[in-house]
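Engineer: Have a look at this one before I ask anything.
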Amino acid sequence: MDQFDLLLCNGCVFTDGCTRSLDIGIHNGKISALASGLPKKSEKILDISGKLVLPGLIDAHTHMGIPIMDTFSADDFTSGSIAAACGGITTIFDFTVQNPGQTLSDSLHMRHEKAQGKCHVDYGFHVNITDQPEHSIEEIPQLIADGFPSYKVFSTYKMMVNWQQFRTVLHAVGQANGLLLLHAEDNDLVQNATARNIEARDFTPLQHASSRPPDAEASAIHEACKIAFDLELPLYIVHLSSKQGLHAALEARRKGCKVYIETCPQYLLLTEEYYQRDHGHYFITTPPLRTEEDSQALWQALSDGEIDVVATDHCPFSERQKNSGNGLFHRTPNGLPGVETLFPLMYTYGVSQGRISLKQMVQVLAYNPARIFKIYPNKGEIHLGADADLVIWDSSQTSTICARQLHGRADWSPYEGMKISGKLCYTILRGQIIADNASFVGKNVQGKLLRRKESP
Ligand code: URP
Ligand code: ZN
Ligand code: ZN
554 MDQFDLLLCN GCVFTDGCTR SLDIGIHNGK ISALASGLPK KSEKILDISG
604 KLVLPGLIDA HTHMGIPIMD TFSADDFTSG SIAAACGGIT TIFDFTVQNP
654 GQTLSDSLHM RHEKAQGKCH VDYGFHVNIT DQPEHSIEEI PQLIADGFPS
704 YKVFSTYKMM VNWQQFRTVL HAVGQANGLL LLHAEDNDLV QNATARNIEA
754 RDFTPLQHAS SRPPDAEASA IHEACKIAFD LELPLYIVHL SSKQGLHAAL
804 EARRKGCKVY IETCPQYLLL TEEYYQRDHG HYFITTPPLR TEEDSQALWQ
854 ALSDGEIDVV ATDHCPFSER QKNSGNGLFH RTPNGLPGVE TLFPLMYTYG
904 VSQGRISLKQ MVQVLAYNPA RIFKIYPNKG EIHLGADADL VIWDSSQTST
954 ICARQLHGRA DWSPYEGMKI SGKLCYTILR GQIIADNASF VGKNVQGKLL
1004 RRKESP
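In terms of my numbering, the sequence shown is numbered consecutively and its last residue is 1009.
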């Protein structure tokens, strides 16, 4: 009788905060043994000598197939999750879309229908509250009891909440032991700066950045954190992009506000100079790309352990979609692809280049999002009894990011030509190999909806 369904031999396994040469035995989708010299009694055995083995990585912020301007982000749950798998991601968190007049529960239902039977990695939903917040909050306690403990509001865009509504929602979410996420930009500052550019008839891509200045981010974070501190409730800032915004969040934290900070590879690796390149409008995303000084501040914060999560805000558009606004900043759909390149970029430009340790990378890509979003201890760490979600990486190879080899539906990549220190060998989801040598090999759709309860 085989003891394991899959046995991984001699990997450099990241567990308990460091790498050790170990075998991993997998049975019924779980890690059932973790030791060296395990008996070779397994249906399938892979010798992964010298390869790095990490917990399956988590992208806590994606947007598959969402409506933006007159179009939809290019990846649906099928293509987006295949891209995720080929980038070492085994769990994504996407967002519901609340249509005007719709209940939160119906919005969850509708969104789940788009993912169910199509998503090749495990998935959870953050519930967007974008319509009639005072009314929507009545649903929150039941939704949290059903396993949906994270919510998001915007302080800008048409679907924004004002600060009074923000307070009401934060209170409702926090009272029910949930977590509120905020897209933080002060809408007045954004509207004024945008109007100035439009009046001056300057629609060039760089004006996307000046239309959404860093002080709009900082001001919204400052205001939101004041309310969170006052209510003694936690708050999670999505896609933090600027040094000013970072300082606002860190200052609030120093004063005792429990604020989680998420940033994204685009704010670490790209700058607003990209808007002046050929196809600069492709890089239009919100918040906009910033300066080198901003990126450096974010890297420093990562290295100081001040940033909790790195996620992608994956919201891809094809070249055709990006070109649909004739290159004008206010007519170009906002968003960048990123789910497949998250881990390779963070490994290369973070760990390999010495900006952060391997442990810090695993924290921001796996352990912290698992804890914050309540899927730990099943996910986020390699230990006995955890889901056998694993990524196996060959750091002795090198590769180059090339959009043609990526699996999403954006036919370009913001990171085209960037060198990568390593290559993906396998992505394993609950014991099933879903990517092999950076190609998708998943057979049936394996991804399941994560209903989330309290971590121990
Ligand atoms: O421009 C972006 N990032 N689009 C996705 C929606 C959002 O604000 O996160
Ligand atoms: Zn956002
Ligand atoms: Zn987003």
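No residue lacks a Cβ here, since even glycine has one placed at the ideal position from N, Cα and C. Keep in mind that this is a model prediction, so the values were computed, not measured.
How long is the line joining the alpha carbons of residue 765 and residue 694, rounded to whole angstroms?
Structural biologist: Reading the sequence shown from its first residue, position 212 is the one you call residue 765. Reading the sequence shown from its first residue, position 141 is the one you call residue 694. In this structure, the CA atom of residue 765 is about 35 Å from the CA atom of residue 694.
Engineer: If residue 563 sits next to residue 576, beta carbons under 8 Å apart, how far is it from one beta carbon to the other, in whole angstroms?
Structural biologist: Taking the sequence shown and counting its residues from 1, one reaches residue 563 at position 10. Taking the sequence shown and counting its residues from 1, one reaches residue 576 at position 23. Contact annotation, residue 563 with residue 576: C-beta distance approximately 7 Å; criterion of less than 8 Å satisfied.
Engineer: Does the beta carbon of residue 870 fall short of 8 Å from some heavy atom of ligand 3?
Structural biologist: If you number the sequence shown from 1, residue 870 lands on position 317. Outside the cutoff, so no.
Engineer: CA-CA distance, residue 752 and residue 915?
Structural biologist: Here residue 752 refers to the residue found at position 199 when the sequence shown is read from its first residue. Here residue 915 refers to the residue found at position 362 when the sequence shown is read from its first residue. Distance between the alpha carbons of residue 752 and residue 915 is about 46 Å.
Engineer: Using only alpha-carbon positions, find the residue among 932, 957, 689, 570 that is nearest to residue 984.
Structural biologist: Within the sequence shown, numbered from 1, the residue matching residue 984 stands at position 431. Closest option to residue 984, Cα to Cα, is 932.
Engineer: Following a CB-centred definition, is residue 839 positioned closer than 8 Å to any heavy atom of ligand 5?
Structural biologist: In terms of ligand content, the structure shown lacks ligand 5 and carries ligand 1, ligand 2 and ligand 3 instead.
Engineer: Would you identify the three-state DSSP class for residue 894, choosing helix, strand or coil?
Structural biologist: Along the sequence shown, read from residue 1 onward, the residue named residue 894 stands at position 341. In the structure shown, residue 894 sits in coil (DSSP, three-state: anything other than H, G, I, E or B).
Engineer: Considering Cα atoms alone, identify which of 910, 762, 782, 653 is closest to residue 807.
Structural biologist: Along the sequence shown, one-based indexing puts residue 807 at 254. The residue with the shortest Cα to Cα distance from residue 807 is 782.
Engineer: Kindly examine ligand 3 and report whether one of its heavy atoms sits closer than 8 Å to the Cβ of residue 580.
Structural biologist: On the sequence shown, residue 580 is found 27 positions in, with the first residue counted as 1. For ligand 3, not one heavy atom lies less than 8 Å from the Cβ of residue 580.
Engineer: Going by DSSP, which residues form a beta bridge with residue 946?
Structural biologist: Reading the sequence shown from its first residue, position 393 is the one you call residue 946. BP columns for residue 946 point to 605, 977.
Engineer: Where residue 757 and residue 609 are concerned, what is the direct C-alpha to C-alpha distance, given to the nearest angstrom?
Structural biologist: Indexing the sequence shown from 1 puts residue 757 at position 204. Indexing the sequence shown from 1 puts residue 609 at position 56. So the two alpha carbons sit approximately 40 Å from each other.
Engineer: Can you tell me which of the three DSSP states residue 770 falls into?
Structural biologist: As a working note, residue 770 is residue 217 in the sequence shown. In this structure, residue 770 counts as helix in the three-state DSSP scheme.
Engineer: Less than 9 Å between the beta carbons of residue 584 and residue 923, yes or no?
Structural biologist: Translated into positions along the sequence shown, residue 584 becomes position 31. Translated into positions along the sequence shown, residue 923 becomes position 370. No, these two residues do not count as a Cβ contact at 9 Å.
Engineer: Going by the beta-carbon positions, is the gap between residue 685 and residue 641 smaller than 9 Å?
Structural biologist: Translated into the one-based positions of the sequence shown, residue 685 becomes position 132. Translated into the one-based positions of the sequence shown, residue 641 becomes position 88. Residue 685 is not a Cβ neighbour of residue 641, given a cutoff of 9 Å.
Engineer: For the putative contact between residue 614 and residue 626, defined by C-beta atoms under 8 Å, what is the C-beta separation to the nearest angstrom?
Structural biologist: As a first step, residue 614 must be located in the sequence shown, where it is residue number 61. As a first step, residue 626 must be located in the sequence shown, where it is residue number 73. About 13 Å separates the Cβ atoms of residue 614 and residue 626, ruling out a contact at the 8 Å cut-off.
Engineer: Indicate the three-state DSSP secondary structure (helix, strand or coil) for residue 952 in the structure shown.
Structural biologist: Residue 952 sits at position 399 when you count from the first residue of the sequence shown. In the displayed model, residue 952 falls within a strand according to three-state DSSP.
Engineer: Spatial neighbours of residue 692 within its chain, please: C-beta separation below 7 Å, excluding the five flanking residues on both sides.
Structural biologist: Sequence index remark: in the sequence shown, residue 692 carries index 139 (1-based). Taken in chain order, the residues that qualify are 656, 657, 658.
Engineer: Measure the C-alpha to C-alpha separation of residue 637 and residue 904 and round it to an integer number of angstroms.
Structural biologist: Residue numbering aside, residue 637 sits at position 84 when the sequence shown is read from its first letter. Residue numbering aside, residue 904 sits at position 351 when the sequence shown is read from its first letter. Distance between the alpha carbons of residue 637 and residue 904 is about 20 Å.
Engineer: Do you know offhand how far residue 980's Cα is from residue 678's?
Structural biologist: Position 427 of the sequence shown holds residue 980. Position 125 of the sequence shown holds residue 678. Each residue's Cα considered, the two are about 22 Å apart.
Engineer: My assumption, with CB atoms under 8 Å, is that residue 935 sits in contact with residue 568. Please give the rounded CB distance.
Structural biologist: As a first step, residue 935 must be located in the sequence shown, where it is residue number 382. As a first step, residue 568 must be located in the sequence shown, where it is residue number 15. That pair is a contact at about 4 Å.
Engineer: Give me the Cβ distance between residue 845 and residue 824, rounded to the nearest whole Å; I'm assuming they're in contact under 8 Å.
Structural biologist: Here residue 845 refers to the residue found at position 292 when the sequence shown is read from its first residue. Here residue 824 refers to the residue found at position 271 when the sequence shown is read from its first residue. At roughly 5 Å, the Cβ-Cβ gap stays under 8 Å, so residue 845 and residue 824 are in contact.
Engineer: If you run the structure through DSSP and keep just helix, strand and coil, what is residue 868?
Structural biologist: In the sequence shown, the residue the question calls residue 868 occupies position 315. In this structure, residue 868 counts as coil in the three-state DSSP scheme.
Engineer: May I ask whether a heavy atom of ligand 2 can be found less than 8 Å away from the beta carbon of residue 736?
Structural biologist: Looking up residue 736 in the sequence shown gives position 183. The answer is yes for residue 736.
Engineer: When we look at the beta-carbon of residue 957 and count the other beta-carbons within 10 Å, is it buried (16 or more) or exposed?
Structural biologist: Taking the first residue of the sequence shown as 1, we reach residue 957 at position 404. Exposed: under 16 other Cβ atoms inside 10 Å.
Engineer: Using the C-alpha atoms, what's the distance from residue 559 back to residue 689?
Structural biologist: Walking along the sequence shown from the start, residue 689 turns up at place 136. Walking along the sequence shown from the start, residue 559 turns up at place 6. Near 46 Å, if we compare the C-alpha coordinates of residue 559 and residue 689.
Engineer: Pull up the CB-CB distance for residue 578 and residue 595, whole angstroms please, since I reckon it's below 8 Å.
Structural biologist: Against the sequence shown, residue 578 aligns to sequence position 25. Against the sequence shown, residue 595 aligns to sequence position 42. Between residue 595 and residue 578 the Cβ distance is about 7 Å, and since that is below 8 Å, they are a contact.
Engineer: Quick one: what's got a C-beta closer than 8 Å to residue 866's C-beta in the same chain, skipping five residues either side?
Structural biologist: If you number the sequence shown from 1, residue 866 lands on position 313. For residue 866, where only same-chain residues beyond five positions count, the Cβ hits under 8 Å are 614, 615, 616, 791, 792, 817, 819, 838, 888, 889, 891.
Engineer: Reducing DSSP to helix, strand and coil, say where residue 926 ends up.
Structural biologist: Residue numbering aside, residue 926 sits at position 373 when the sequence shown is read from its first letter. Here residue 926 sits in coil by DSSP.
Engineer: Work out the CA separation of residue 730 and residue 1017 for me, nearest whole Å.
Structural biologist: Only positions 554 to 1009 of the chain appear in this structure, which leaves residue 1017 out of reach.
Engineer: Am I right that residue 994 and residue 987 are in contact with their C-beta atoms under 8 Å? What's the rounded C-beta distance?
Structural biologist: Taking the first residue of the sequence shown as 1, we reach residue 994 at position 441. Taking the first residue of the sequence shown as 1, we reach residue 987 at position 434. Residue 994 to residue 987, Cβ: 6 Å. Contact.
Engineer: Go to residue 820, then tell me how far its alpha helix (DSSP H) extends in each direction, as first and last residue.
Structural biologist: Counting from 1 along the sequence shown, the entry for residue 820 is found at position 267. First-last of the alpha helix (DSSP H) with residue 820: 818 to 822.
Engineer: Taking residue 586 as the reference, which of 604, 605, 566 has the closest Cα?
Structural biologist: The sequence position of residue 586 within the sequence shown is 33, counting from 1. Comparing alpha-carbon positions, the option among 604, 605, 566 lying closest to residue 586 turns out to be 566.
Engineer: So, are the CB atoms of residue 798 and residue 774 less than 9 Å apart?
Structural biologist: Stepping through the sequence shown from its first residue, residue 798 is reached at position 245. Stepping through the sequence shown from its first residue, residue 774 is reached at position 221. For residue 798 and residue 774, yes; Cβs fall inside 9 Å.
Engineer: Should residue 675 and residue 644 be called a contact, given that it needs their Cβ atoms to be closer than 9 Å?
Structural biologist: Start at 1 with the first residue of the sequence shown, and residue 675 comes out as number 122. Start at 1 with the first residue of the sequence shown, and residue 644 comes out as number 91. Going by C-beta atoms, residue 675 is nearer than 9 Å to residue 644.
Engineer: Alpha carbon to alpha carbon, what distance is there between residue 896 and residue 561?
Structural biologist: Sequence index remark: in the sequence shown, residue 561 carries index 8 (1-based). Sequence index remark: in the sequence shown, residue 896 carries index 343 (1-based). One C-alpha to the other measures close to 21 Å.
Engineer: I think residue 863 touches residue 917, with their Cβ atoms under 8 Å apart; what is that distance to the nearest whole Å?
Structural biologist: Along the sequence shown, read from residue 1 onward, the residue named residue 863 stands at position 310. Along the sequence shown, read from residue 1 onward, the residue named residue 917 stands at position 364. Residue 863 to residue 917, Cβ: 4 Å. Contact.
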